[in-house]
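Report on one structure; see the data block that follows.
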Amino acid sequence: MALQKEGEASMTDQSRAELIDSLRWKKLPVLDDGFVCLVDVMGDDSSIVQAARVSYGAGTKKVSDDRGLIRYCMRHRHSSPFEMAEIKLLVRVPMDCWRQWIRHRSANVNEYSTRYSLAIDAMQATDNADWRQQATENRQGSGDPIDFEEGIPLTQEESELHAHAKRVYQNRINHGVAREQARKDLPLSTYTEAYWKIDLHNMLHFLGLRMESHAQLEIRKYATTIGEQIIKPLFPLAWQAFLDYRFNAMTLSALDIEAMRIVLAGESPGFLGFGKSEIAEFWKKMELLDVIK
């Protein structure tokens, strides 16, 4: 039987099965032609508790309850109990976004093969209003939106490029060129599909990085969809603990703590040992904590 939140009736095995059935193979749309969908899941919140109690023994009963134990494990970074649950997804994602995704090497992946099959006939398009400037402070990030009028010719050029790439690819196929060679000039906007199986600990690590505001918008949309529409209903207690202790939490380094003591004493922190970016991050933390205005 799955676990319950405070004040709620516990989820029965039947209702759990109904929840999984409602999610399985349901294509949740992302971007213009992408999707994520649940293929299978092993375990639930109770799997985390079960593993933790095997690991810690009778002493864990003092933690209070199952919810408290999950939160304790998350808070103290006891990751192995979260590895006892697994999620398998089918994802449809543009190649440029997939390049970032596949850098997370903690999953099992089987991707659509364009050596064996024809390339997927879909490329991610950018609306006139969706072009973004390069960020001034972040070399790998986006800044403010480009003016709508400036975006019109950019979208038109993109559309022409996509059409040309498709014609070139199809012409090669028609001439009998091997698929593994015909594909080489397809743009990174071309969609691919893959099965992606990962344990809950590494899934939450992925979501913590890719839902974050500095992640690229496109992969952030995928991560948010996975987190809020799949992981949240399947693992409600672990999800809330993740939000409270990881995603919406703040880390203070030893240097941060010392500098904060100095600031609270009304003195200048000096920032001995801080890098330039660390200083900016420190003041942002102080603002969030209302230490400074």
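Remember, the working numbering sits 4 above the position in the sequence shown when you count from 1. For each residue, glycine too, the CB sits at the ideal point set by N, CA and C.
| task | Tell whether a beta-carbon distance below 8 Å holds between Ser-84 and Ala-129. | result | On the sequence shown, residue 84 is found 80 positions in, with the first residue counted as 1. On the sequence shown, residue 129 is found 125 positions in, with the first residue counted as 1. Against a cut-off of 8 Å, the Cβ pair of Ala-129 and Ser-84 comes out as no contact.
| message | Taking the alpha carbon of Tyr-195 as the reference point, which residue from Leu-213, Val-40 and Ile-261 has its own alpha carbon closest? | response | For this step, residue 195 is matched to residue 191 along the sequence shown. Cα-wise, what sits closest to Tyr-195 is Val-40.
| query | Taking just the CA atoms, how far does Lys-92 sit from Glu-282? | reply | The residue given as residue 282 occupies position 278 in the sequence shown. The residue given as residue 92 occupies position 88 in the sequence shown. So the alpha carbons of these two residues sit roughly 37 Å apart.
| field | N- and C-terminal bounds of the alpha helix (DSSP H) containing Pro-240 | value | Taking the first residue of the sequence shown as position 1, residue 240 is located at position 236. Here the alpha helix (DSSP H) through Pro-240 covers 240-246.
| query | Assuming Tyr-199 contacts Val-43 under a Cβ cut-off of 8 Å, what Cβ separation, rounded to an integer in Å, is found between them? | reply | Along the sequence shown, read from residue 1 onward, the residue named residue 199 stands at position 195. Along the sequence shown, read from residue 1 onward, the residue named residue 43 stands at position 39. That belief holds up - the Cβ atoms of Tyr-199 and Val-43 are roughly 7 Å apart, short of 8 Å.
| said: Given this structure, state the Cα-to-Cα distance separating Ile-150 from Asp-260, to the nearest angstrom. | reply: On the sequence shown, residue 150 is found 146 positions in, with the first residue counted as 1. On the sequence shown, residue 260 is found 256 positions in, with the first residue counted as 1. Each residue's alpha carbon lies about 36 Å from the other.
| field | Close beta carbons around Pro-33, own chain, < 7 Å, minus the five adjacent residues each side | value | The residue given as residue 33 occupies position 29 in the sequence shown. Closer than 7 Å at Cβ, skipping near neighbours: Phe-39.
| said: For the pair the segment 263-283 and the segment 235-243, tell me if three or more CB-CB distances fall below 8 Å. | reply: no
| Based on Cα-Cα distance, which residue from Leu-221, Ala-269 and Ile-235 lies nearest to Ser-146? | In the sequence shown, the residue the question calls residue 146 occupies position 142. If we check each option's Cα against that of Ser-146, Leu-221 comes out closest.
| task | State whether the segment 68-77 contacts the segment 17-29, with contact taken as three or more CB pairs (one from each stretch) at a distance under 8 Å. | result | no
| message | Going by DSSP, what residue range makes up the beta strand (DSSP E) through Pro-33? | response | The residue you call residue 33 lines up with position 29 of the sequence shown. Counting along the chain, the beta strand (DSSP E) containing Pro-33 begins and ends at 32-34.
| message | Please give me, in chain order, every unbroken run of the beta strand (DSSP E) with length at least 3 that falls completely inside the segment 110-186. | response | 112-115, 136-138 and 146-149
| Where Thr-309 sits in the DSSP three-state scheme | In the structure as shown, the chain starts at 5 and stops at 297, and residue 309 therefore has no counterpart that could be examined.
| task | Starting from the Cα of Lys-294, find the closest Cα among Phe-275, Leu-268 and Leu-276 and give me that residue. | result | Taking the sequence shown and counting its residues from 1, one reaches residue 294 at position 290. This sequence places Asp at residue 294; Lys is not what is there. The shortest C-alpha separation from Asp-294 is found at Leu-268.
| request: Please name the residue or residues paired with Cys-42 in a DSSP beta bridge. | output: Numbered from 1 along the sequence shown, position 38 holds the residue referred to as residue 42. Rather than Cys, the amino acid found at residue 42 in this sequence is Leu. Looking at the DSSP assignment, Leu-42 forms a beta bridge with Arg-28 and Leu-93.
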